[in-house]
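Numbered per our numbering, the sequence shown finishes at 905, counting up by one with no gaps.
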Amino acid sequence: MKPFLPIWPTKLISWWCDIDYREEVLGDLEEEFYQSVEVNGVKSAKRQYWWTVLKSLRPYLRKSSHQIQNYNNPNPIDMFKNYFKIAIRSMVKQKLYAGINVMGLGIGLACCLLIGLFVNHELSYDNFHENADNTYRVGVDYSYNGTSGKMAMTPTALLPSIQREFESVENGVRVFSIGMFSPVAIQNGEDQYQEEGFLYVDSTFFDVLTFPLISGDPAKALTEPNSLVLSESTAQKYFGSLDVIGKSLSVNNKEFLVTGVAKDVPDNSHLTFDILASFSSLLSAKKEIWRNANYTTYVRLNDSADMTQLSKGMDDNIREVMGEEFFAGGNEFSYYFKPIKEIHLRSEIEAELEPQSSIKYVYIFSLIGLMILTIACVNYMNLATARSVDRGREVGMRKVLGAVRKQLFYQFIGESFVITISAILISILLVNFLLSPFNLLTGKVLNMGAVFTPMFLLAILVIMLVVGFLAGAYPALVLSGFKPAQVLKGSFKMAGSGAWIRKGLVVFQFGISIFLIIGTIVIYKQLNFMSDKKLGYTKENVLVLPMDKKMSADFEIIKGELLRDQEVINVSAGSDSPVEVVGGYSIRVNGLNEENSLSINAVIVDRDFVNTLEMELIAGTDFTDSDFELSTLENEDDRQHAFIVNEELLEQLFISTDEAVGMKAEINGRKGEIRGVVKNFHFAPLHRKINALAMFIEPEQYNLMLIKLNSTGISQTLDRLEGTWKELVPHRPFEYEFLDQEYDRLYQAEQRLGKIFTVFATLAIVIACLGLFGLVSFTAIQRAKEIGVRKVLGASVSGLVVMISSDFAKLVLVSFVIAAPLGYYAMNSWLLAFEYRVNVGMFPILASVIIAVLIAFITISFQAIKSALLNPAEVLRSGE
26 MKPFLPIWPT
36 KLISWWCDID
46 YREEVLGDLE
56 EEFYQSVEVN
66 GVKSAKRQYW
76 WTVLKSLRPY
86 LRKSSHQIQN
96 YNNPNPIDMF
106 KNYFKIAIRS
116 MVKQKLYAGI
126 NVMGLGIGLA
136 CCLLIGLFVN
146 HELSYDNFHE
156 NADNTYRVGV
166 DYSYNGTSGK
176 MAMTPTALLP
186 SIQREFESVE
196 NGVRVFSIGM
206 FSPVAIQNGE
216 DQYQEEGFLY
226 VDSTFFDVLT
236 FPLISGDPAK
246 ALTEPNSLVL
256 SESTAQKYFG
266 SLDVIGKSLS
276 VNNKEFLVTG
286 VAKDVPDNSH
296 LTFDILASFS
306 SLLSAKKEIW
316 RNANYTTYVR
326 LNDSADMTQL
336 SKGMDDNIRE
346 VMGEEFFAGG
356 NEFSYYFKPI
366 KEIHLRSEIE
376 AELEPQSSIK
386 YVYIFSLIGL
396 MILTIACVNY
406 MNLATARSVD
416 RGREVGMRKV
426 LGAVRKQLFY
436 QFIGESFVIT
446 ISAILISILL
456 VNFLLSPFNL
466 LTGKVLNMGA
476 VFTPMFLLAI
486 LVIMLVVGFL
496 AGAYPALVLS
506 GFKPAQVLKG
516 SFKMAGSGAW
526 IRKGLVVFQF
536 GISIFLIIGT
546 IVIYKQLNFM
556 SDKKLGYTKE
566 NVLVLPMDKK
576 MSADFEIIKG
586 ELLRDQEVIN
596 VSAGSDSPVE
606 VVGGYSIRVN
616 GLNEENSLSI
626 NAVIVDRDFV
636 NTLEMELIAG
646 TDFTDSDFEL
656 STLENEDDRQ
666 HAFIVNEELL
676 EQLFISTDEA
686 VGMKAEINGR
696 KGEIRGVVKN
706 FHFAPLHRKI
716 NALAMFIEPE
726 QYNLMLIKLN
736 STGISQTLDR
746 LEGTWKELVP
756 HRPFEYEFLD
766 QEYDRLYQAE
776 QRLGKIFTVF
786 ATLAIVIACL
796 GLFGLVSFTA
806 IQRAKEIGVR
816 KVLGASVSGL
826 VVMISSDFAK
836 LVLVSFVIAA
846 PLGYYAMNSW
856 LLAFEYRVNV
866 GMFPILASVI
876 IAVLIAFITI
886 SFQAIKSALL
896 NPAEVLRSGE
């Protein structure tokens, strides 16, 4: 057994010597020590070793020696040029590996850049307003009769009241989105349009919110009643020009004057519009009303505003206005201020004027981008170490010729940076090519200009430095640490200490891939559930058309004419689509809750609403002609309403269906009786539990028409209906949507998330397979002799393939064991956002491992079969 080197003199020389010379000096001392042991014995050799070490403590071996430093560290520019040349030659020599590395990193970086563009865009919402940091939307936090929540709807009296009473409120604006109820009918000569992006706003709109005008005076454009400001694109659409000030448009059969043109709303604004109308045009603007909350209020506060004191003052004010009796029984009602920059991603309310996003999707996207980039880096590391044996002799020769470890380390790091820079250039080209499909995927309007902004260029530089170093550091340390004597004698092997690291990287790669596969399957499972879910009404082949006051007055005539078409099964009308009923009401039932009313949703309907949508009536009767007549009497005090309620309302009142029918009730002052009970139906997204609901007739409140069609010949039926429509409703275009399309639109965010998971899960698997290919290649090289010997001894090709593949199959299974619980937990947490949801179940878990194993096996088999088919004689003769 060989004796150990003396510890203390070895530590002394290691401490003294510069890192560039340490390895060489220690190697010489070690060789001299063992020669002395053979000649003089161990004790004498140790004494001689101490003396040799002391003689070796020469000044030029210290770091302070400029002569030696300059000799061993040439000009940095020359070094960089040399490293660059070597890196290029290495890449040209190994085109396949270099190509896989560049494309793998390029795809990963492209994904990261695309997601970076998306995240940057999401975080930039409403930052363009000049006073964005001091601008807030006033919201309401309420708890009423057991129902609690938040909303952004406020009364008209709120803004003038707080402007009078609080000096910290510099300015404010009220916004009323009439398009939220029904699109506005616009007429310009013979041309007809419908506009959903129509807002009534105070004249202070352009002072509080920074939407610049192209023409017109922002301080005066909306001061007069019946004034309009058009967006740039709307002006072009209506008049083919931006010179439109002084021209007029008919809005719901009323003339309005164009007083300004605004630039198109930026796509990172939570509030969008096509047309702005003066708030003074509304009857509700004539006086301050507290008990009708259909308006959004924005305020700009001064820098010294105390939010706590302001909120308390507003709460005291509303308590005085509403009266103490309102707050009896634990009812609460308070105002809060939501920073305008947080509305898009951190809105707590369900009924936004427009669909907003959520910060959780920013986190999900960012995590996916980081995962993909990490997989790409791991892929590079695996491929680099897979080539380590091929480059072992190169490293050995360089060390023999005087190269020190630090120089070799920088050389391989240099190669990593060359590959990373090449990958970044590839990624920018990929981003340019993929940006349009990515915009379709995310529903955004991102552009390449953002990539070349200073912030993004700095981010790309940081990514280049971090990825270049991290991806190249491990291979550089491994390759630069080769022992030249072992390499050149052919006894070098890499299957020891580094093997577990490479296998761990593969486990990490496939773990991420399996996690994304589980997420993709669960998301689509939930989407299919929502698509196939029985809603309690029929949504197929039902046309939805907007209505206005004139149509409501003539509805019975329009309905009768439409029913003449044999393919029209039924026609009805309502205040809300059954897909999403937002109307909030309260009900009192005689003998049950006369003291404390029950908060419910309600939808105003035509007498054929239940029949048209094929709802299931489980007690009582449907609406009758008599109900219609009694609910439309000229004298409101004489009106009698019939109410059809759902099961949930009865459950909250703790009464049975039989008891409910015929009971006297009152809904927001409308007196009548419960006529029937329908089976619960989903009138809100499946995120929310079915709430108590009532239906009643009130024709003047209709906002939309529902036309149930036969499933055959729909295209021809629509053509006929358009002709009938032009005769019956000449002031509105025949613009419709199918009810099932409205329903699908509720889940656009989930549909996009599913597509994104699919795309990135696929990319993760592709890049992971590249890394696996590298590890298989490495193993095949390391075990070439073993494979040759086994083949000589009679091993079959299939047996050799199984032998090579089995180890990697185990790695994929280990990935599954780690990723499956994480995927299950993450997706189960995501599903909790839905009141009605699927279970994660075992299918996504099993499917993910089957997909991963199958793809991995295909990747492994390619290289394994290639190795197994090699001529054993050539392998054994080569000495590899």
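Glycine included, C-beta positions come from ideal geometry on N, C-alpha and C.
Extent of the continuous alpha helix (DSSP H) to which I582 belongs
580 to 587
Would you decide whether T445 is buried or exposed? Buried here means 16 or more other CB atoms lie within 10 Å of its CB.
buried
Looking at the unbroken alpha helix (DSSP H) that takes in T259, where does it start and where does it end?
257 to 264
Beta-bridge pairing of G697 - partner residues as DSSP gives them:
H666, A690
Over what stretch of residues does the beta strand (DSSP E) that includes V596 continue unbroken?
593 to 599
Could you please give the first and the last residue of the uninterrupted alpha helix (DSSP H) stretch that includes V635?
634 to 637 is the span of the alpha helix (DSSP H), which, as asked, contains V635.
Looking at the unbroken alpha helix (DSSP H) that takes in D683, where does it start and where does it end?
682 to 685
Assuming I449 contacts M489 (C-beta within less than 8 Å), just tell me the rounded distance between them.
Contact holds; Cβ gap of about 6 Å.
Three or more C-beta pairs under 8 Å: does that hold for the stretch 559 to 570 against the stretch 723 to 742?
yes
Can you tell which of I343, L378, H369, L370 has its C-alpha closest to the C-alpha of Y361?
I343
I890 to I883 span [Cα, whole Å]
11 Å
According to DSSP, is E377 helix, strand or coil?
coil
Unbroken beta strand (DSSP E) run spanning P571, endpoints
567 to 571
Could you check where the alpha helix (DSSP H) with T742 kicks off and where it finishes?
739 to 753
Quick one: Cα of G222 to Cα of L638, how far?
28 Å
Looking only at DSSP bridge pairs, what is R162 linked to?
Y323, K363
Quick check: the Cα distance between L238 and W750, rounded to an integer number of angstroms?
38 Å
Could you give the distance in angstroms between the alpha-carbon of T248 and the alpha-carbon of K366?
Taking the straight line joining both Cα atoms gives about 27 Å.
Identity of the residues DSSP links to F281 by a beta bridge:
L274
CA nearest to the CA of L54, picked from K68, K80, V64:
K80
Apart from the five residues on each side of it in sequence, which residues of its chain come closer than 8 Å, Cβ to Cβ, to W75?
P31, P34
Would DSSP call G609 helix, strand or coil?
strand
May I ask you to report which of helix, strand or coil DSSP gives I314?
Looking at I314 - three-state DSSP - the assignment turns out to be coil, as it is neither helix nor strand.
Taking R713 as part of the beta strand (DSSP E), name the residues at either end of that continuous run.
Run containing R713: none; DSSP gives neither H nor E here.
From the beta carbon of V593, is the nearest beta carbon of chain B less than 7 Å away?
Looking for chain B here will not work: only one protein chain is present.
With 16 other CB atoms within 10 Å as the buried threshold, where does K279 fall?
exposed
CB K469 to CB H146, shorter than 7 Å?
In this structure, H146 lies closer than 7 Å to K469 by Cβ.
In this structure, how does DSSP classify R862 when only helix, strand and coil are distinguished?
coil
Using a Cβ-Cβ cutoff of less than 8 Å, which residues in the same chain neighbour F868 once the five nearest sequence positions on both sides are dropped?
I546, K550
Tell me the DSSP secondary structure of L729 in three-state form.
strand
Just how far apart, CA to CA, sit V7 and L856?
In the structure as shown, the chain begins at 26 and stops at 905. Residue 7 is therefore absent and cannot be evaluated.
Which whole-angstrom value describes the C-beta separation of F648 and R589, a residue pair presumed to lie in contact below a C-beta threshold of 8 Å?
Rounded, the Cβ-Cβ distance is 22 Å, inconsistent with contact.
Assign S441 to buried or exposed, taking buried as 16 or more other Cβ atoms, counted over all protein chains shown, within 10 Å of its Cβ.
buried
Own chain, CB closer than 7 Å to L906, minus 5 neighbours either side, in chain order
Because residue 906 is not part of the residues shown, which for the chain are 26 to 905, the question remains open.
Just the Cα atoms here: how many angstroms apart are L570 and I583?
12 Å
S202 - DSSP class collapsed to helix/strand/coil:
strand
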